[in-house]
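Asker:
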Amino acid sequence: MKKRRQPQTENIGRVKFPRRRSGEMFARIVDIYGNERMRVFCEDGVARIGRIRGKIKKRVWIRKGDLVVINPWDWETPVKDELGKAEISWRYTKSEISWLSRNNKIPEILDINNLPI
Numbered sequence: 000m001k002k003r004r005q006p007q008t009e010n011i012g013r014v015k016f017p018r019r020r021s022g023e024m025f026a027r028i029v030d031i032y033g034n035e036r037m038r039v040f041c042e043d044g045v046a047r048i049g050r051i052r053g054k055i056k057k058r059v060w061i062r063k064g065d066l067v068v069i070n071p072w073d074w075e076t077p078v079k080d081e082l083g084k085a086e087i088s089w090r091y092t093k094s095e096i097s098w099l100s101r102n103n104k105i106p107e108i109l110d111i112n113n114l115p116i
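In numbering that gives the first Met the number 0, the protein residues as written are 0 to 116.
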């Protein structure tokens, strides 16, 4: 007799929040360029080029529309008509996103239906 696998439900123990003191913030993936680079729209209203951190590069698949935590590069000199850069350090799962939205932790500007592209 074959045993059927039970659908697994994810238990949310602890949800990672951006460390505001070190400059981290929420962002949404807007476009994927390849070579570990993506266009992200941040909660401060600025679009940046996000680079996937080496620690999570081969462990996590990031898709268009995902909610991530980014750390903007503060040592980079801003150039006119050029996007700033940031490092993507965390991707949220669907269950974490639903918990964050139920508890009103996601900023309104990052609503998936109203993203300015």
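Just so it is clear, CB atoms sit at the ideal spot from N, CA and C, and this is done for glycine as well.
1) Would you identify the three-state DSSP class for Arg-38, choosing helix, strand or coil?
2) Let me check one thing: in DSSP terms, what residues is Arg-47 bridge-paired to?
3) Measure the alpha-carbon distance for Glu-35 versus Ala-26 and round it to whole angstroms.
4) Consult DSSP for Trp-60 and reduce its assignment to one of helix, strand or coil.
5) What's the call for Phe-40, buried or exposed, on a 16-neighbour Cβ count within 10 Å?
Answerer: Let me lay it out:
1) In the sequence shown, the residue the question calls residue 38 occupies position 39. Strand.
2) Working through the sequence shown from its first residue, we reach residue 47 at position 48. Val-39, Gly-83.
3) For the purposes of this step, residue 35 is taken as residue 36 along the sequence shown, with counting starting at 1. For the purposes of this step, residue 26 is taken as residue 27 along the sequence shown, with counting starting at 1. For Glu-35 and Ala-26, the distance between alpha carbons rounds to 16 angstroms.
4) Within the sequence shown, residue 60 is the residue found at index 61, counting from 1. Residue state, collapsed to three classes: coil.
5) As a first step, residue 40 is located in the sequence shown; it is residue number 41 there, counting from the start. That one is buried.
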